[in-house]
Amino acid sequence: MQTSVSRRFLLGLGRTSLVFTAVTSIAVFAVFQRELEKRQIDFLGQYVQERTDNVDRRFSNLITLQRSAIAALQARAGAMSTGEADALLDRETVAKPDGTRRSRDAAFEGYVDQAGGRVYGLGAFIGQADRLAPETRVALAAAFPIVARFGQAAHGDYDNFYFFTPGTRLVMFGPDRPDRLMFYRHEAPADLDISKEEMARFITPEADPTGETRCTSLQRLLQDDKGVARVATACITPAYVKGRFVGAFGSSIQLGDFLNGVVSDRLVGASTSIVRADGELIASPHGLGARQTEAQIAAYEKAEGLKPLAARLAAIGKPFGVTRSADGADIVAYGRLKGPNWYLLIRYPAAAVAWSAAKSASWVLLLGVLGAALQTWLLVRLARSAITRPLRTLADSCSTRDAEAARALMERGDEIGVLAGALQAERERGDELLASLEHRVQSRTAALERANLELEQANTEKSRFLANMSHELRTPLNGVIALSETLVGEQTTPRNRELAELIVSSGRLLEQVLSDILDFSKIEAGEMRIETRPFELRTALSRVAELHRASADAKGIDLFWAVEPAAEGAYLGDSVRLTQVLSNLLSNAVKFTEAGEVALTVEREGAGLRFTVEDTGIGFDEAVGARLFQRFEQADVSIRRRFGGTGLGLAICRSLVELMGGQIGTQSVPGQGSMFSFTLPLAPAVSEPETAAAEPEQTAASLDGLRVLLAEDHPTNRKVIQLILDTIGVELVMVENGRLALETLERERFDIVLMDMQMPELDGLSATAQFRAREANAGTARTPVIMLTANAMDEHVRASLEAGADRHISKPIHAAELIEAITTLVAEAQAEASLAEAAA
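In the UniProt record's numbering, the protein residues as written are 1 to 840.
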């Protein structure tokens, strides 16, 4: 039985490749899934920290206000004598027969004090006024102007501000209270006692030796408006004067709507709740704790394990973090609200995090399967092409020359035996070849001539192949880019938008690679033409710099450009190729710069100009710089893996600069940045460069109802154009070839025609030429024609314009470019029609 070396090799290599790829894919999937889970958990931690800071800000501002009031009280009370305090109390309050002192009505209704300031909204209740200790009298007297001043300053944020002592002495600012503070001013009984209230208990030195601000649980405050419990908390800060506790400043904060908003604003799939430091429920997705029954609260606290969780968070001791629930089913992100000493909890199912990470990482397995299949197919194809087929071809060729020797060598049973037989046959003929040297020289000469002819034919075929490749690749690429751009606008989630934008960027990268290959091919073939026309330098630089502004801004990089005054003005040269070189250099600078800046400068040098692009990117050493302008070269292999690219960009730049008569070079320091500069012998332009005439103001919105005829045989391309034009509200008529386009134009009037170049029956060039001839014969106004084609080479552009097209747009079609072309051409046609009517 005949055996095959190549077959054994291919089978072994294929099995090894499949096993290795499968194992690698599974390992990468597991690592990637774990990393995604970690990132999602880190995101929850950052999210709860931001949410906690936002919620805590409502309390921190109040704490700052109360601390400032205490400082003012200490200063005022420290400078006030007992006599001054008594005089102030007599002025602000009235002694009542029941032994209390209450504020005068004018303090609430409003009056102008001795300093010229207006005092209003005050109410005071001083129980057992005849038993006030001297320091208490001084503190209460000093508190009157402080409560008035600070209460008015914070009126927009808090509806009350007060100072009180545990002995039921209180001065309150509350101008918006529905009861107008009548309770404290007139109605409160003389034996009113607030010392048992929570707010009075936890401010004493024994309960709060550090003097920190504390907030009550959600409950009724000092006095409700209508006797109904309000969902609010009171935040209190103890006040000390000369080291002696004299009372506390406080404010009540209405929290019903605020807390509902906090627990309602949540991530999809997550639940938000707020608990006290001891685990008591404050608010949950089911409502506020103060508005639920005790049974409901107890059931929720038990189901969620709030009390053990709060104890665990206290033991951890960190203000923010992420932990797991006791049963491990939920990931709990927490943040401590420093003001009220509460915890903001965000629960997210751990299974949802794992599933999301696995789903996101599943593409690794998919790529592994596809990669294994593709790799096996490529290996088999490569081995057959490079090993099996050449050996058999050589064996067949040898066997036809000496059949008897071939039959003898075939006994080896494999390709090596066949090759040995062929080589033996060639050795036997060696003497004959040496004897006919002249014949061999002539034969070789003829072979060289044939090879030269074949090389020329190969170059011709290469050009034809590149043109066909450009057309065949740009046609599907047109659908990919345009349809994915449409998908970007239709996505409703960040994840889907990110995937759609990835398709767009990949398609554009493929388009750039295709353009680089075509440009380099034209340069190698000597077909790249440099045109000399006047152009305005500043205008050209502005356009190319602004093209890269968005990508620089997206990375947080500063991009600026400047022209030396001596270099200002218009010049003769090829502005298109100059812009191409600058665009390539700026693109590389932005791509390889993670932080810092990119600068483009132009200065006068001799009889020409020097253009310089500098960045603060990764840089490279001298060895890399020496080969950087060679084709398919980059700094190292990791650069291509990290940033992509063909390695043709700088080679094209060098070729274009040399074609324009200049030189290009580079300097760089690894880790500090790079500088690319080139000189061009540009002569000043005698005449001003041609500038586009001021176009009429025309926007996509004003194109509504415009009649557009599209001649395109490819269904995908028709759909692409339809999707683009649907956004501007035009009336689109579509036909499949040039003949139908001419028939339609014969019957109907259109504002603009979009014509594909290659179509069955009648191509776009012929159809456009016939249409222009028909217009000339009929004497009708010129209808704008835009040639849309996957043929992107210079000769195709010239052919389009010579046939009568007004604009040539290469596929893939970009929506902004097509709409801008339609807008400009229709505006010009309308302007010409208006001038013609005015002249008539």
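Here a beta-carbon is modelled for each residue, glycine too, at the ideal position from N, C-alpha and C.
- Less than 8 Å divides the Cβ of T593 from the Cβ of D615.
- Out of L309, I253 and R76, the CA that lies nearest to the CA of G279 is found in L309.
- With a cutoff of 8 Å on beta-carbon distance, R533 and E564 are scored as not near each other.
- Taking 8 Å as the cut-off, the Cβ atoms of T601 and W561 count as close.
- Rounded to the nearest whole angstrom, the C-alpha separation of V657 and L723 is 40 Å.
- Partner residues in the beta bridge of C215, as assigned by DSSP, are C235.
- In the three-state reduction of the DSSP assignment, Q672 falls in the coil class.
- Residues of the same chain with a CB within less than 6 Å of the CB of D113, apart from the 5 flanking positions on each side, are V119 in chain order.
- Each residue's CA atom was taken as its position, placing F173 and Y158 some 10 Å apart.
- Annotated as proximal: N160 and S251, with beta-carbon spacing under 8 Å.
- For H796, the enclosing alpha helix (DSSP H) has its first and last residue at D794 to A803.
- Distances from the alpha-carbon of G705 to those of A711, R497, H714 and T727 put T727 closest.
- Looking at I297, I203 and Y184, the one whose alpha-carbon comes closest to that of D105 is Y184.
- Following the DSSP letters along the chain, one finds E775 inside the alpha helix (DSSP H) bounded by residues G764 to A778.
- DSSP, read as helix, strand or coil, puts F59 in helix.
- Looking at the backbone, the Cα of G321 and that of Q491 are separated by about 33 Å.
- Nearest to V488 by alpha-carbon distance, out of R495, A500 and L122, is A500.
- In terms of Cβ geometry, L825 and I786 form a close pair [threshold 8 Å].
- Counting only the Cα atoms, L170 lies some 15 Å from D130.
- Only residues of its own chain outside the window of five on either side were considered, and among them D98, G99, T100 and G127 have a CB closer than 7 Å to the CB of A190, listed in chain order.
- The bridge partners DSSP lists for I126 are R101 and R169.
- I63 is a Cβ neighbour of T213, given a cutoff of 8 Å.
- With a cutoff of 8 Å on beta-carbon distance, A141 and L181 are scored as not near each other.
- According to DSSP, A95 shares a beta bridge with R101.
- The beta-bridge partner set that DSSP reports for Q442 is empty.
- By the Cβ criterion, the stretch 69–82 is not in contact with the stretch 347–367, since fewer than three pairs of Cβ atoms, one from each stretch, lie closer than 8 Å.
- Beta-bridge partners assigned by DSSP to D330: P349.
- Around the beta carbon of A839, fewer than 16 other beta carbons sit within 10 angstroms, so the residue counts as exposed.
- It is roughly 9 Å from the alpha-carbon of F164 to the alpha-carbon of A200.
- Taking the CA atoms as reference points, P134 sits about 26 Å from L65.
- Residue pairing by DSSP places E536 opposite A570 in a beta bridge.
- Taking a cut-off of 8 Å on C-beta distances, the stretch 8–24 touches the stretch 364–384, as three or more cross pairs fall below it.
- Listed as beta-bridge partners of H808 by DSSP are M787.
- DSSP places S81 outside any beta strand (DSSP E), giving it a letter other than H or E.
- Under DSSP, Y343 shares a beta bridge with V275 and R336.
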